[in-house]
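Have a look at the structure below before the remarks.
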Amino acid sequence: MITKSNFPVERLTSIKQHGLAKSVLIIETVQELIEFYKSKQPYTLIGKGSNSIIHPDCFETPILQLSPTLTPSSFERSTLTVPAGLPTHQLMGLLQKYECSSLEFSAGVPASVGGMVTMNFGCWGQSVSDFLTRARFVDSLGNDIWLSNKEIEFGYRTSIIQKNKFTLIEAEFLCTPSTKENIKTRIDTSLKKRLAHQPLRENTFGSIFKNPPGDFAGRLIEESGLKGHSIGNLQLSKQHANFLVNSEPSTFKDIAEFLQNIQDIVLSKTGIHLEKEVKSLTPFSFSD
207 MITKSNFPVE RLTSIKQHGL AKSVLIIETV QELIEFYKSK QPYTLIGKGS NSIIHPDCFE
267 TPILQLSPTL TPSSFERSTL TVPAGLPTHQ LMGLLQKYEC SSLEFSAGVP ASVGGMVTMN
327 FGCWGQSVSD FLTRARFVDS LGNDIWLSNK EIEFGYRTSI IQKNKFTLIE AEFLCTPSTK
387 ENIKTRIDTS LKKRLAHQPL RENTFGSIFK NPPGDFAGRL IEESGLKGHS IGNLQLSKQH
447 ANFLVNSEPS TFKDIAEFLQ NIQDIVLSKT GIHLEKEVKS LTPFSFSD
């Protein structure tokens, strides 16, 4: 386990949130995670922080991150198994290494495998749940368990993982045999498409709000006259209205109030309540 004290929160979130965490623990083995949970300390778990803001209450409790080498990566019989802490760019490398096609559509997303599975990340008609066969977890009692795709109860930007107190540690994905060249082409295509429409070179979450049934959050935000809307360091992207850009580290309060402001205006203009895709992280207590 690696311990980092007085750690800048802006290095934990892609939006570059302001703050100072008392301690960040990098969990390097499954046994370390089990032993930590058995200690029953309050904690906050975060991946790459690409769709998260961290409540200040978390700053005083340990913030856990899983090492990208927590479990080994492997490929056998069209199944790619990877650790939850693996970043997307390393996942793209494994797809090419093993010549297995599956998750190229996620290229360029500043996320980890665990985060993408937990929220059932998707775009352009594909979702993580289309390829995941099963996943391994440690629950809050320290039990090591596997759940199938069906048992994880995937939905639009949701899964049972968000509602239960257990931690994803590795995931299995079914792949289609391909060539390094074809996979690289698909990765490059996804990257170019994403960069053309999303401000990924800036400090941003990714999508702020879920698309309501039969519509698009970005369209509703634009219809409400909010594309490019700014308060202080925060601005809705002029490139894509459903992306928030942060020019300088901003506080949890600033970000949360900005998002609430957008929700209120869109509701008043269109009659539609936008549900946040961004998660507000709070400490988990074993007494909850």
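What the sequence shown shows, in the numbering used here, is residues 207 to 494, in sequence order. Built from N, CA and C at the ideal position, the CB exists for glycine as well.
Sub-8 Å separation of residue i and residue j beta-carbons
| i | j | result |
| --- | --- | --- |
| Cys220 | Ser256 | It should be noted that the sequence gives Ser, not Cys, for residue 220. For Ser220 and Ser256, yes; Cβs fall inside 8 Å. |
| Val215 | His224 | yes |
| Leu300 | Val288 | yes |
| Leu338 | Phe372 | no |
| Ile471 | Ser430 | yes |
| Asn467 | Ser456 | no |
| Ile174 | Arg342 | In the structure displayed, the chain extends from 207 to 494; residue 174 sits before or after that span and is not available. |
| Gly291 | Pro274 | yes |
| Ile259 | Leu218 | no |
| Val236 | Thr294 | no |
| Arg363 | Lys416 | yes |
| Met325 | Ser312 | no |
| Lys369 | Ser318 | no |
| Ala447 | Glu428 | yes |
| Leu286 | Cys381 | yes |
| Gln332 | Ile389 | no |
| Leu465 | Lys485 | no |
| Ser284 | Pro383 | yes |
Residue i: first and last residue of the uninterrupted alpha helix (DSSP H) it sits in
| i | result |
| --- | --- |
| Asn355 | 355-358 |
| Leu465 | 458-476 |
Simplified DSSP state of residue i, which is helix, strand or coil
| i | result |
| --- | --- |
| Leu276 | coil |
| Gln237 | helix |
| Glu387 | helix |
| Val344 | strand |
| Val323 | helix |
| Leu297 | helix |
| Lys244 | helix |
| Gln368 | helix |
| Lys228 | strand |
| Thr395 | helix |
| Ser318 | strand |
| Ile221 | coil |
| Gln445 | coil |
Beta-ladder partner(s) of residue i, from DSSP
| i | result |
| --- | --- |
| Cys264 | DSSP, once it has assigned bridges, lists no residue as partnering Cys264. |
| Asn452 | Leu440 |
| Val288 | Ala377 |
| Lys485 | Ser258 |
| Ser333 | Gly328 |
| Ser307 | Thr382 |
| Asp421 | Asp421 is not bridged to any residue. |
| Tyr249 | Phe490 |
| Asp350 | Val344 |
| Ile427 | For Ile427, which the question treats as bridged, DSSP gives no partner whatsoever. |
| Gly361 | Thr364 |
| Gln404 | None, per the DSSP bridge assignment. |
| Gln199 | Since the first and last residues shown for the chain are 207 and 494, residue 199 lies out of range. |
| Leu338 | Phe379 |
Beta strand (DSSP E) segment containing residue i, residue limits
| i | result |
| --- | --- |
| Lys210 | 208-214 |
| Gly412 | 410-413 |
Is the segment 478-494 close to the segment 246-253, with three or more CB pairs under 8 Å?
yes
If we count Cβ pairs, one from each stretch, closer than 8 Å, do we get three or more for the segment 351-359 versus the segment 260-270?
no
Evaluate the contact criterion for the segment 300-317 versus the segment 225-245: three or more CB pairs, one atom per stretch, below 8 Å.
no
Validate contact between the segment 388-408 and the segment 416-429 using beta carbons, cut 8 Å, 3 pairs:
no
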